[in-house]
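Order-wise, the sequence lines are chains P and Z.
Under full-length UniProt numbering, the letters of the first sequence match residues 1 to 252, in that order.
Under full-length UniProt numbering, the letters of the second sequence match residues 1 to 252, in that order.
Here a beta-carbon is modelled for each residue, glycine too, at the ideal position from N, C-alpha and C.
Protein chains: 2
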Amino acid sequence: MPARAPLRSLVADRPLAEQVRAQLAEGMAKGAWKPGEAIPSESQLAARFGVAIGTIRKAVDGLVAQQALVRRQGKGTFVTAHDSGRLMFHFFHIVERDGTKSYPEVRTIDFRRDRAGAEAARALDLSPLDKVVRIRNVLSLRGRRAILDDITLPAQLFPGLTEKIFVARENTIYHLYQSRYGINVLRADERLRGAVASREQAERLGIDEGAALLEIRRVAYTFRDRPVELRVSHVDAARFEYHNTLGKGEVL
Amino acid sequence: MPARAPLRSLVADRPLAEQVRAQLAEGMAKGAWKPGEAIPSESQLAARFGVAIGTIRKAVDGLVAQQALVRRQGKGTFVTAHDSGRLMFHFFHIVERDGTKSYPEVRTIDFRRDRAGAEAARALDLSPLDKVVRIRNVLSLRGRRAILDDITLPAQLFPGLTEKIFVARENTIYHLYQSRYGINVLRADERLRGAVASREQAERLGIDEGAALLEIRRVAYTFRDRPVELRVSHVDAARFEYHNTLGKGEVL
DNA sequence: AAGTGGTCTAGACCACTAG
DNA sequence: TAGTGGTCTAGACCACTTC
Numbered sequence: 001m002p003a004r005a006p007l008r009s010l011v012a013d014r015p016l017a018e019q020v021r022a023q024l025a026e027g028m029a030k031g032a033w034k035p036g037e038a039i040p041s042e043s044q045l046a047a048r049f050g051v052a053i054g055t056i057r058k059a060v061d062g063l064v065a066q067q068a069l070v071r072r073q074g075k076g077t078f079v080t081a082h083d084s085g086r087l088m089f090h091f092f093h094i095v096e097r098d099g100t101k102s103y104p105e106v107r108t109i110d111f112r113r114d115r116a117g118a119e120a121a122r123a124l125d126l127s128p129l130d131k132v133v134r135i136r137n138v139l140s141l142r143g144r145r146a147i148l149d150d151i152t153l154p155a156q157l158f159p160g161l162t163e164k165i166f167v168a169r170e171n172t173i174y175h176l177y178q179s180r181y182g183i184n185v186l187r188a189d190e191r192l193r194g195a196v197a198s199r200e201q202a203e204r205l206g207i208d209e210g211a212a213l214l215e216i217r218r219v220a221y222t223f224r225d226r227p228v229e230l231r232v233s234h235v236d237a238a239r240f241e242y243h244n245t246l247g248k249g250e251v252l
Numbered sequence: 001m002p003a004r005a006p007l008r009s010l011v012a013d014r015p016l017a018e019q020v021r022a023q024l025a026e027g028m029a030k031g032a033w034k035p036g037e038a039i040p041s042e043s044q045l046a047a048r049f050g051v052a053i054g055t056i057r058k059a060v061d062g063l064v065a066q067q068a069l070v071r072r073q074g075k076g077t078f079v080t081a082h083d084s085g086r087l088m089f090h091f092f093h094i095v096e097r098d099g100t101k102s103y104p105e106v107r108t109i110d111f112r113r114d115r116a117g118a119e120a121a122r123a124l125d126l127s128p129l130d131k132v133v134r135i136r137n138v139l140s141l142r143g144r145r146a147i148l149d150d151i152t153l154p155a156q157l158f159p160g161l162t163e164k165i166f167v168a169r170e171n172t173i174y175h176l177y178q179s180r181y182g183i184n185v186l187r188a189d190e191r192l193r194g195a196v197a198s199r200e201q202a203e204r205l206g207i208d209e210g211a212a213l214l215e216i217r218r219v220a221y222t223f224r225d226r227p228v229e230l231r232v233s234h235v236d237a238a239r240f241e242y243h244n245t246l247g248k249g250e251v252l
């Protein structure tokens, strides 16, 4: 038997495993499999796609590396749910100066609908007149105010989102996006700069006007590099810092 | 023929591919294969280790992901040389505010030998009395002073390093570590905070005292998580920023 | 016992590089 | 043409989970 059916090789030139990966990603993006649910077993996928199990494994490997899927031996392969602690810290890099990691406590202080405007339009790939939702939160770490977050969301992607729904969520913000709107945040781009606190920022964070801040501008993306959230954070730089590791590879 | 010889399974409990990977890493750490050189072909490695080619490929995959090896189809698999532009940007995340990336130009303004002291000792896993080399550089981007770098190196790992050698290098600093001392920087841990410029820092960078800085404390590691460099950077935050991507996975 | 993912083997064929 | 990495297949056996 030939390693590859002639017809299939005409369909697309890309490696089979990549084609499979794209189709699996498509299924997740469309909500065919919901977060926390298992996708079909590897042997079932192999049969469905008409490829060897090794090829399926390679496709799944890629999605696991992207944190889109999680394998559990003996149980199955599941769509990643944004509710575990580990994944949370994947998108939250602020720590105390002594290195202590802790979960932020979120308090929402503003929620409104608005037009995108030039800046958000550019970041979110919208027209400046498109509708957005703007949310302002104060995040505390171990009881101390640490971060002022200004979030901008394309209203079209979050139909019916209200302050009540936003505040009533039982888990992280990205889990809300995922569970209620099927939006799976996979990647984020961040730019950090130094800044000084305005009067209002200082008031919100309980620090002095003119104090040092770390300003972070983040754009979060889902499948197909579609931007879904713009978040501008201002961090109390006197007490907190940003942690990052370059050279992701596992340990030796 | 059994999939695995019984004896080998008694030697260690870890997967074969991991054992192979560790041995390959060992060879690189010891300098058996130098940067830029090719390691043996996959079939040769398979014969040498007595495993299937697929197992070798899996081991190599891991090292490629860590950027320790580079594959070149038709030619071979090579130990990564820290001299390509791409790898440079892997460890250099400062960009202009408009997003422009460029190569830094390094000017060395101080070079001295010293004792580690408490802080460097902690970061580099030394005793406070161990000898270190301290180097101070000013980095410019497109002709404008951008970063003041204070580097601390364990003297023991860099025997005979002089200012002349350091300045005369023809490539990046990490390439010098690698080519002359066999030290391959694979990973770095960074902590970022906001700060304000001291008088001396301001002078060195050509900005005002009290201006906003981004302070980056980096510890760089080689194989076996051995720390090899402490680098404290102060960035002119008015003109430059730090760029980071979370969720490394490839595109879709 | 049955089903799932995890590891490994053995070998085919393809794509690229160099002499 | 020979040698290298790149992709894919087919099937074995192991480890873990559930019933």
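Whether residue i touches residue j by CB criterion (9 Å)
{"i": "P/Gly194", "j": "Z/Gly99", "result": "no"}
{"i": "P/Asp150", "j": "P/Arg169", "result": "no"}
{"i": "Z/Gln178", "j": "Z/His82", "result": "yes"}
{"i": "P/Arg218", "j": "P/Ala237", "result": "no"}
{"i": "P/Val235", "j": "P/Ile173", "result": "no"}
{"i": "P/Val60", "j": "P/Thr77", "result": "yes"}
{"i": "Z/Ala68", "j": "Z/Pro227", "result": "no"}
{"i": "Z/Lys75", "j": "Z/Ala47", "result": "no"}
Residue i versus residue j - alpha carbon distance
{"i": "P/Asp208", "j": "P/Glu200", "result": "10 Å"}
{"i": "P/Val64", "j": "P/Met88", "result": "16 Å"}
{"i": "P/Val244", "j": "P/Arg97", "result": "The residue you asked about is not Val; residue 244 of chain P is Asn in the sequence shown. The straight-line gap from Cα to Cα measures roughly 14 Å."}
{"i": "residue 260 of chain Z", "j": "Z/Arg231", "result": "Chain Z is shown from 1 up to 252; residue 260 of chain Z falls before or after that span and cannot be answered."}
{"i": "P/Val185", "j": "P/Leu153", "result": "13 Å"}
{"i": "Z/Phe158", "j": "Z/Arg191", "result": "25 Å"}
{"i": "P/Thr80", "j": "Z/Leu16", "result": "28 Å"}
{"i": "P/Leu205", "j": "P/Arg145", "result": "6 Å"}
{"i": "P/Met28", "j": "P/Lys34", "result": "7 Å"}
{"i": "Z/Val70", "j": "Z/Ala25", "result": "13 Å"}
{"i": "P/Glu229", "j": "P/Asp125", "result": "11 Å"}
{"i": "P/Gly36", "j": "P/Leu161", "result": "22 Å"}
{"i": "Z/Phe240", "j": "Z/Arg142", "result": "12 Å"}
{"i": "P/Thr222", "j": "Z/Arg224", "result": "34 Å"}
{"i": "P/Pro104", "j": "P/Arg86", "result": "14 Å"}
{"i": "P/Ala220", "j": "Z/Val167", "result": "41 Å"}
{"i": "P/Leu246", "j": "P/His93", "result": "13 Å"}
{"i": "Z/Thr55", "j": "P/Arg136", "result": "51 Å"}
{"i": "Z/Ser127", "j": "P/Leu139", "result": "39 Å"}
{"i": "Z/Gln44", "j": "P/Val196", "result": "59 Å"}
{"i": "P/Arg113", "j": "Z/Arg115", "result": "59 Å"}
{"i": "Z/Ser84", "j": "Z/Asp13", "result": "38 Å"}
Presumed contact (8 Å Cβ cut-off) between residue i and residue j, rounded CB distance
{"i": "Z/Val132", "j": "Z/Ala120", "result": "6 Å"}
{"i": "Z/Arg21", "j": "Z/Glu42", "result": "So it is not a contact: roughly 13 Å between Cβ atoms."}
{"i": "Z/Ser233", "j": "Z/Ile216", "result": "4 Å"}
{"i": "Z/Tyr242", "j": "Z/Leu213", "result": "Not a contact, Cβ separation roughly 12 Å."}
Counterpart residues of residue i in DSSP-defined beta bridges
{"i": "P/Asn137", "result": "P/Thr108 and P/Asp149"}
{"i": "Z/Gly194", "result": "Z/Leu214"}
{"i": "P/Ala32", "result": "Note: P/Ala32 sits in no beta bridge, so no partner."}
{"i": "Z/Arg226", "result": "Z/Thr222"}
{"i": "Z/Ala38", "result": "Z/Phe78"}
{"i": "P/Asp114", "result": "P/Val132"}
Simplified DSSP state of residue i, which is helix, strand or coil
{"i": "Z/Thr55", "result": "helix"}
{"i": "P/Gly85", "result": "helix"}
{"i": "Z/Glu215", "result": "strand"}
{"i": "P/His243", "result": "strand"}
{"i": "Z/Ser233", "result": "strand"}
{"i": "Z/Leu157", "result": "helix"}
{"i": "residue 265 of chain Z", "result": "Since the displayed chain Z opens at 1 and closes at 252, residue 265 of chain Z lies outside it and no answer follows."}
{"i": "Z/Arg71", "result": "strand"}
{"i": "P/Val185", "result": "coil"}
{"i": "Z/Tyr221", "result": "strand"}
{"i": "Z/Gly143", "result": "coil"}
{"i": "Z/Lys101", "result": "coil"}
{"i": "P/Glu209", "result": "coil"}
{"i": "residue 258 of chain P", "result": "This structure gives no information on residue 258 of chain P, because the portion of chain P shown stretches from 1 to 252."}
{"i": "P/Glu96", "result": "strand"}
{"i": "P/Arg14", "result": "coil"}
{"i": "P/Ala25", "result": "helix"}
{"i": "P/Asp125", "result": "coil"}
{"i": "Z/Phe49", "result": "helix"}
{"i": "Z/Gln66", "result": "coil"}
{"i": "P/Ala238", "result": "coil"}
Cβ-heavy atom distance, residue i to the ligand FMN, below 8 Å
{"i": "Z/Ala121", "result": "Absent from the structure shown: the ligand FMN. Ligands present: none."}
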